[in-house]
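Note sheet for the following structure.
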Amino acid sequence: MPEAPSPYTNGVARDQLRAFVERIERLEEEKKAIADDIKGVYSEAKGCGFDTKALRRVIALRKLDPDERAEQEAILDTYLVALGMMPEHG
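Residue numbering for the sequence shown follows the working numbering, starting at 2 and increasing by one per position.
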């Protein structure tokens, strides 16, 4: 009588590993679909006359907490002043 294949290969649970791989693949497909949707929204905004670079920057800034955003803006201002691209503040 032939021996049933082991559910383990070199200590790895095949079914569990396969399940993880399949879940990740499904999520990657969903991620691509969402990325395509986001791209479409940016295209729609551009069609309405909005600057997509500025829109992307707004989205990035909204992800930051207020303190982190203020810190980044202060650093940017410091660099711009140092390069003569912005007048010094008071």
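From the three backbone atoms N, C-alpha and C, an ideal C-beta is built for every residue, glycine too.
The segment 30 to 69 contains, as complete alpha helix (DSSP H) runs of 4+ residues, the segments 53 to 64 (chain order).
The C-alpha of K47 is placed about 34 angstroms away from the C-alpha of A83. When beta bridges are read from the DSSP output, A71 appears opposite no residue. Straight-line spacing of the CA atoms in P88 and T79 works out to 10 angstroms.
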